[in-house]
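Q: Numbering (the numbering used here), first residue to last: 455 to 597.
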Amino acid sequence: MLSNFKAETMRNAPENVVQQWLDALSSTTIAGELDRHMALISQKLKLFGMPGFDTLGYDDWKRQCAHEFPQRMVDDIHYGPVKIRTTSDGHILFSVHEYIETRDGERIKQPVEMLLSLEDDGQWRLTQQRILDAAEATHLGLE
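1) Is methionine 492 helix, strand or coil by DSSP?
2) Have a look at the DSSP bridge pairing and note the partners of phenylalanine 548.
3) Of the residues His521, Val536, Phe507, which one's Cα is nearest the Cα of alanine 467?
4) Got a sec, what are the start and stop residues for the beta strand (DSSP E) glutamine 473 sits in?
5) Tell me whether methionine 568 counts as near the ligand FAD, meaning its Cβ is closer than 7 Å to at least one heavy atom of that ligand.
6) Could you tell me the alpha carbon to alpha carbon distance between glutamine 582 and lysine 500, rounded to whole angstroms?
7) So arginine 517 is in the beta strand (DSSP E); what residue range does that whole segment cover?
8) What is the DSSP secondary structure of glutamate 590, counted as helix, strand or coil?
9) With a threshold of 6 Å on Cβ separation, who are the neighbours of threonine 482 within its own chain once the five nearest residues in sequence on each side are excluded?
10) Apart from the five residues on each side of it in sequence, which residues of its chain come closer than 7 Å, Cβ to Cβ, to arginine 526?
11) Give me whichever residues DSSP pairs with aspartate 530 in a beta bridge.
12) Distance, Cα to Cα, leucine 586 vs glycine 503?
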């Protein structure tokens with residue numbers, strides 16, 4: 455499955471690369487497949503916009519997933535609609551709504567901006583994520 459995100463996918467439309475990557479992120483989260491999930495995340499990851507934190511990184515993301523996955527805390531996670539903001543050689547910046555349903559029945563909808571980067575090993579990975587506020591989401595056409 456991860457081979458779908460190798461360098462040869464650059465021939466595909468950025469929308470296809472993003473959708474395949476989001477599908478893999480969702481499926482690995484729901485299945486609790488920590489190693490496969492973390493293979494989609496760059497060691498250079500920077501996550502912005504989490505209340506109470508300046509930035510979070512790869513180790514923080516992995517620690518949270520290692521806590522949540524064995525407990526199957528996420529029942530469902532999906533994304534849409536995708537809005538490609540810009541692309542360049544080896545980078546795709548997009549915004550999208552993230553929908554999460556927890557095991558406890560909580561439903562979360564949050565607008566996010568994500569940057570996928572093609573890393574040296576030919577793998578597309580998330581290098582930056584920013585949780586958007588309502589005004590930014592509206593400005594970007596997500597609301």
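We put the beta carbon where it would ideally sit given N, CA and C, even for glycine.
A: According to the structure shown:
1) helix
2) Ile538, Met568
3) Val536
4) Where glutamine 473 is concerned, there is no enclosing beta strand (DSSP E), although the alpha helix (DSSP H) it sits in stretches over 468-485.
5) With respect to small molecules bound, the structure shown includes none, and the ligand FAD cannot be examined in it.
6) Looking at the two C-alpha atoms, the distance is approximately 5 Å.
7) No beta strand (DSSP E) holds arginine 517; the alpha helix (DSSP H) holding it covers 512-522.
8) Here glutamate 590 carries a helix assignment [DSSP, helix/strand/coil].
9) Arg490, His491
10) Gly486, Arg557
11) Glu555
12) 7 Å
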